[in-house]
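Q:
There are 2 protein chains.
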Amino acid sequence: MAVIYDRVALIGLGLIASSMFWAMKRAGVAGEVVGYARSVETRDTARRIGLCDVVCDSAAEAVAGADLVVLCVPVGAMDRVAREIAPALKPGAVLSDVGSVKRAVIEAVGPYVPEDVHFIAAHPLAGTEQSGPEAGFAELFDNRWCLLTPEGADPGETARLRRFWEALGSKVDEMDPDHHDLVLAVTSHTPHLIAYTMVGVADDLGRVTDSEVVNFSAAGFRDFTRIAASDPTMWRDVFLTNKDATLEILGRFTEELFALQRAIRQGDGEHLHAYFTRTRAIRRGIIEAGQDTDVPNFGRNPEKS
Amino acid sequence: MAVIYDRVALIGLGLIASSMFWAMKRAGVAGEVVGYARSVETRDTARRIGLCDVVCDSAAEAVAGADLVVLCVPVGAMDRVAREIAPALKPGAVLSDVGSVKRAVIEAVGPYVPEDVHFIAAHPLAGTEQSGPEAGFAELFDNRWCLLTPEGADPGETARLRRFWEALGSKVDEMDPDHHDLVLAVTSHTPHLIAYTMVGVADDLGRVTDSEVVNFSAAGFRDFTRIAASDPTMWRDVFLTNKDATLEILGRFTEELFALQRAIRQGDGEHLHAYFTRTRAIRRGIIEAGQDTDVPNFGRNPEKS
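Protein chains in written order, with UniProt numbering: chain A, 1 to 305; chain B, 1 to 305.
(1) How is the beta strand (DSSP E) around G156(B) delimited, first residue to last?
(2) Here's the rule: buried if 16 or more other CB atoms are within 10 angstroms of the residue's CB, otherwise exposed. What is A23(A)?
(3) Under the assumption that Y36(B) contacts I16(B) (Cβ atoms under 8 Å), give the Cβ distance between them as a whole number of angstroms.
(4) Since D178(A) sits in a beta bridge, which residues does DSSP pair it with?
(5) List, in order along the chain, the chain B residues whose C-beta lies closer than 7 Å to that of I286(A)?
(6) Using 8 Å as the cut-off, can you tell me whether the segment 159-169 of chain B makes contact with the segment 126-144 of chain B, which would need three or more C-beta pairs spanning the two stretches below that distance?
(7) What is the DSSP secondary structure of R7(A), counted as helix, strand or coil?
(8) DSSP three-state call for D53(A): helix, strand or coil?
(9) How would you write the range of the alpha helix (DSSP H) that G285(A) sits in, first residue to last?
(10) Ignore the nearest five residues each way along the sequence and tell me which others in L89(B)'s own chain have a CB closer than 7 Å to its CB.
(11) Measuring straight from C-alpha to C-alpha, what distance separates S100(B) and G50(A)?
(12) Report the partner residues of H118(A) according to the DSSP bridge assignment.
(13) Determine the closest residue to G285(A) out of F253(B), V213(B), L125(B) and E288(B), with distance taken between C-alpha atoms.
(14) Chain A partners of Y275(B), CB-CB under 7 Å?
(15) Out of curiosity, what's the CA-to-CA distance linking R222(B) and I249(B)?
(16) Could you tell me the alpha carbon to alpha carbon distance between F224(B) and A259(A), rounded to whole angstroms?
(17) Going by DSSP in three states, A228(B) sits in which element: helix, strand or coil?
(18) How about T279(B) and G200(A): are their beta carbons less than 8 Å apart?
(19) Roughly how many angstroms lie between the CA atoms of D173(B) and D210(A), to the nearest whole one?
(20) Please report the distance separating the alpha-carbon of K243(B) from that of R265(A).
(21) Report the partner residues of A30(B) according to the DSSP bridge assignment.
(22) According to DSSP, is T128(B) part of a helix, a strand, or is it coil?
(23) Answer yes or no: does any C-beta atom of chain A fall closer than 8 Å to that of F21(B)?
(24) For the alpha helix (DSSP H) that contains L260(B), what are its first and last residues?
(25) Taking its Cβ as the centre, do 16 or more other Cβ atoms sit within 10 Å of V40(B), making it buried, or is it exposed?
(26) Can the beta-carbon of Q261(B) be found closer than 8 Å to that of L125(A)?
(27) When Cβ atoms are compared, which residues of the segment 231-245 of chain A fall closer than 7 Å to chain B?
(28) Just the chain B side, please: which residues come within less than 7 Å of H118(A) by C-beta, in chain order?
(29) Could you tell me the distance, in whole angstroms, from the CA atom of S18(B) to the CA atom of P191(A)?
(30) Can the beta-carbon of N215(A) be found less than 8 Å from the beta-carbon of W235(B)?
(31) Let me confirm a value: S230(A) is counted as buried when at least 16 other C-beta atoms fall within 10 Å, else exposed. Which label applies?
(32) What is the DSSP secondary structure of D173(A), reduced to helix, strand or coil?
(33) Check whether the Cβ of D178(A) lies closer than 8 Å to any Cβ atom in chain B.
(34) Tell me the DSSP secondary structure of L148(B) in three-state form.
(35) Is DSSP giving L205(A) helix, strand or coil here?
(36) Classify G136(A): buried if its beta carbon has 16 or more other beta carbons within 10 angstroms, exposed otherwise.
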């Protein structure tokens with residue numbers, strides 16, 4: 001595949017940035033990839049495992065001369081990083097990010113972007129419960145969506161960034177940032193908050209021991225713990241910066257939950273059965289859309305052949 | 001391995017019963033396995049795929065002469081099935097079940113159990129989101145727990161049933177039925193209700209289309225849909241029969257959720273970060289206990305080698 005950006009700078013070297021690096025190498029779409037992380041330990045690890053062609057000791061040094069700069073830091077750190085790198089950005093460069101919330105990133109980064117730099121916010125919908133520079137792998141974005149929220153950015157540069165993400169394995173769509181934040185509140189942010197809550201309740205319940213919770217988790221709970229093991233800083237920032245949409249969806253959630261709770265209390269089996277039948281259809285849609293596997297139990301147990 | 005029961009009868013031929021059959025064959029612990037399902041279609045499927053050595057057209061016929069009878073029907077059907085088979089049970093036989101709730105099963109089945117039959121309720125904590133006679137596989141119980149709630153049953157027969165489940169791959173523990181129901185309300189029943197609710201909210205939200213929910217599900221939501229795709233009849237019965245414990249845990253859940261919701265509204269990042277850090281530890285415990293894999297993303301994406 002042809003090179004799309006001669007020089008790419010990754011600011012922040014966690015799960016997403018490290019996966020981007022391996023996916024760029026697999027696709028051959030970047031001439032040189034330069035990386036920076038705030039922590040010395042992360043930079044040392046990156047150098048040890050060959051993550052990035054060059055690891056720099058300052059963000060400004062990393063972005064100098066880069067044709068594409070991608071901010072891969074928690075949403076709450078975008079403001080600080082943007083301020084730090086802005087003076088060093090190359091004229092004509094594309095500045096992007098991978099944050100889970102888009103309106104807040106646009107508000108945090110936008111004011112620092114020089115006139116001659118193209119800012120196109122983006123969000124690859126991919127991840128695992130692991131974090132850090134050693135968590136990345138080239139296939140993370142394969143067949144996953146990456147949402148761009150260009151808001152009037154140069155169409156040619158938007159199309160180029162789209163080609164870049166497609167080369168990394170993604171399917172790409174464009175969206176208004178506010179709509180993005182609402183969609184993600186439904187498909188990601190509220191589910192995470194609920195999973196964190198359920199795990200917290202289990203941990204806190206005196207009458208059921210932690211070892212019972214751990215041993216007897218296979219019947220549903222462990223899927224919540226996977227979600228609830230995600231990076232705490234990233235998720236704190238998501239909820240603080242996508243507050244309105246998350247609170248709106250939480251309101252709908254508790255409303256529905258109370259209706260089901262009442263059905264349980266009143267012994268209304270028909271209501272429960274109808275509700276549980278409806279939710280099955282959504283699952284079929286997700287499997288048909290290739291966004292999950294229907295291997296039983298996620299392939300945790302081998303199938304009868 | 002030596003035969004533990006000469007003749008085993010499985011009443012109901014869904015995911016659990018079919019997995020038990022393949023696991024019994026793998027272990028060689030049953031002389032002959034006889035099966036019965038109420039639906040003609042299920043019996044035909046069972047005969048076609050070789051599920052059970054003999055498939056009978058009545059439950060009474062299936063249990064005649066069986067040394068172990070296992071009720072593998074939804075909890076709400078236990079009462080009817082127990083009444084139907086009781087007169088046909090062989091003196092000295094063991095009668096057991098695989099229901100997700102134990103106190104309600106004991107109350108439903110107990111009154112019909114003849115004096116000379118050993119009733120030992122059981123619950124294998126294993127499953128997938130699939131159901132039906134073709135969903136089973138021999139490895140389903142490997143390294144998963146099976147909880148027995150013998151409540152004063154014959155210790156020799158309890159030990160024998162324990163050996164049987166161990167031969168099927170399970171780890172076995174004994175528990176008081178009420179405590180079982182509380183533990184499962186935490187680790188299984190409430191998580192399922194919450195997952196169903198979240199999927200229902202997403203399905204019902206006019207401003208976000210179903211195709212957006214489906215396409216952009218990879219960031220958390222799809223794990224909920226897997227849980228929410230489980231058998232509706234089974235789950236209706238679970239909530240109707242484990243009402244008190246589920247409502248208690250739901251109360252705790254909403255209390256915690258409201259505290260996190262308030263932290264979001266007030267912008268209390270410290271509270272959120274501390275909460276999300278605590279829940280990570282539980283996840284580590286589950287992986288250390290061998291109850292889940294730490295392969296990123298459940299191995300949905302191949303790892304970088």
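Cβ atoms here follow ideal geometry from the backbone N, Cα and C, with glycine treated the same way.
These figures come from a predicted structure and were not determined experimentally.
A: In brief:
(1) Reading the second sequence from its first residue, position 156 is the one you call residue 156(B). Counting along the chain, G156(B) sits inside no beta strand (DSSP E); it lies in the alpha helix (DSSP H) bounded by residues P155 to A167.
(2) Sequence index remark: in the first sequence, residue 23(A) carries index 23 (1-based). A23(A) sits buried, since 16 or more C-beta atoms from the chains shown fall within 10 Å of its C-beta.
(3) Numbered from its first residue, the second sequence carries residue 36(B) at position 36. Numbered from its first residue, the second sequence carries residue 16(B) at position 16. For Y36(B) against I16(B), the beta-carbon gap comes to about 14 Å, at or over 8 Å, which does not count as contact.
(4) Within the first sequence, residue 178(A) is the residue found at index 178, counting from 1. Within the DSSP bridge table, the entry for D178(A) names no partner.
(5) Numbered from 1 along the first sequence, position 286 holds the residue referred to as residue 286(A). Taking a Cβ-Cβ cut-off of 7 Å, the neighbours of I286(A) in chain B comprise V214, S217, R222 and T225, given in sequence order.
(6) These segments touch.
(7) For the purposes of this step, residue 7(A) is taken as residue 7 along the first sequence, with counting starting at 1. Residue state, collapsed to three classes: strand.
(8) Taking the first residue of the first sequence as position 1, residue 53(A) is located at position 53. Three-state DSSP puts D53(A) in coil, outside helix and strand.
(9) The residue given as residue 285(A) occupies position 285 in the first sequence. G269 to E288 is the span of the alpha helix (DSSP H), which, as asked, contains G285(A).
(10) Indexing the second sequence from 1 puts residue 89(B) at position 89. Excluding sequence positions up to five before and after L89(B), its CB lies within less than 7 Å of the CB of V63, V69, L95, P114 and V117, all in the same chain and listed in chain order.
(11) Here the question's residue 100(B) lines up with position 100 in the second sequence. Here the question's residue 50(A) lines up with position 50 in the first sequence. S100(B) and G50(A) have their C-alpha atoms some 49 Å from each other.
(12) In the first sequence, residue 118(A) corresponds to position 118, counting from 1. Answer by DSSP bridge pairing, in chain order: V94(A).
(13) Translated into positions along the first sequence, residue 285(A) becomes position 285. With respect to the C-alpha of G285(A), the residue from F253(B), V213(B), L125(B) and E288(B) having the closest C-alpha is V213(B).
(14) On the second sequence, position 275 is the one that residue 275(B) refers to. Scanning chain A for C-beta atoms nearer than 7 Å to the C-beta of Y275(B) yields Y196 and G200, reported in chain order.
(15) One-based indexing of the second sequence puts residue 222(B) at position 222. One-based indexing of the second sequence puts residue 249(B) at position 249. Distance between the alpha carbons of R222(B) and I249(B) is about 24 Å.
(16) Here residue 224(B) corresponds to residue number 224 of the second sequence, with the count starting at 1. Here residue 259(A) corresponds to residue number 259 of the first sequence, with the count starting at 1. Taking the straight line from one Cα to the other gives about 19 Å.
(17) Walking along the second sequence from the start, residue 228(B) turns up at place 228. It is coil, neither helix nor strand.
(18) On the second sequence, residue 279(B) is found 279 positions in, with the first residue counted as 1. On the first sequence, residue 200(A) is found 200 positions in, with the first residue counted as 1. It is a contact, given that the beta carbons lie within the stated cut-off.
(19) For the purposes of this step, residue 173(B) is taken as residue 173 along the second sequence, with counting starting at 1. For the purposes of this step, residue 210(A) is taken as residue 210 along the first sequence, with counting starting at 1. Within the model, the alpha-carbon separation for D173(B) versus D210(A) is close to 16 Å.
(20) As a working note, residue 243(B) is residue 243 in the second sequence. As a working note, residue 265(A) is residue 265 in the first sequence. For K243(B) and R265(A), the gap between their C-alpha atoms comes out near 7 Å.
(21) Against the second sequence, residue 30(B) aligns to sequence position 30. According to DSSP, A30(B) bridges with Y5(B).
(22) Residue mapping note: residue 128(B) aligns to position 128 of the second sequence, counting from 1. Correct three-state label for T128(B): coil.
(23) Along the second sequence, one-based indexing puts residue 21(B) at 21. For F21(B), the answer is no, since every Cβ of chain A falls outside 8 Å of its Cβ.
(24) For the purposes of this step, residue 260(B) is identified with residue 260 of the second sequence, where counting begins at 1. Here the alpha helix (DSSP H) through L260(B) covers K243 to Q266.
(25) The sequence position of residue 40(B) within the second sequence is 40, counting from 1. Label assigned to V40(B): exposed.
(26) For the purposes of this step, residue 261(B) is taken as the residue at position 261 of the second sequence. For the purposes of this step, residue 125(A) is taken as the residue at position 125 of the first sequence. Result no, Cβ atoms of Q261(B) and L125(A) do not sit closer than 8 Å.
(27) Flagged, chain order: P232, T233, W235, R236, F239, L240 and K243.
(28) Position 118 of the first sequence, counted from the start, is the residue given in the question as residue 118(A). Residues of chain B passing the Cβ test: none, with the nearest at roughly 25 Å.
(29) Your numbering for residue 18(B) matches position 18 in the second sequence. Your numbering for residue 191(A) matches position 191 in the first sequence. Taking the straight line joining both Cα atoms gives about 33 Å.
(30) As a working note, residue 215(A) is residue 215 in the first sequence. As a working note, residue 235(B) is residue 235 in the second sequence. The answer is no: Cβ separation not under 8 Å.
(31) On the first sequence, position 230 is the one that residue 230(A) refers to. When all chains shown are included, S230(A) counts as buried.
(32) Position 173 of the first sequence, counted from the start, is the residue given in the question as residue 173(A). In the displayed model, D173(A) falls within a strand according to three-state DSSP.
(33) By one-based count along the first sequence, residue 178(A) stands at place 178. Contact of D178(A) with chain B is not assigned, every C-beta pair being separated by 8 Å or more.
(34) In the second sequence, the residue the question calls residue 148(B) occupies position 148. Three-state result, L148(B): strand.
(35) Here residue 205(A) refers to the residue found at position 205 of the first sequence. Coil, per DSSP.
(36) Residue numbering aside, residue 136(A) sits at position 136 when the first sequence is read from its first letter. With 16 or more Cβ atoms within 10 Å of its Cβ, G136(A) is classed as buried.
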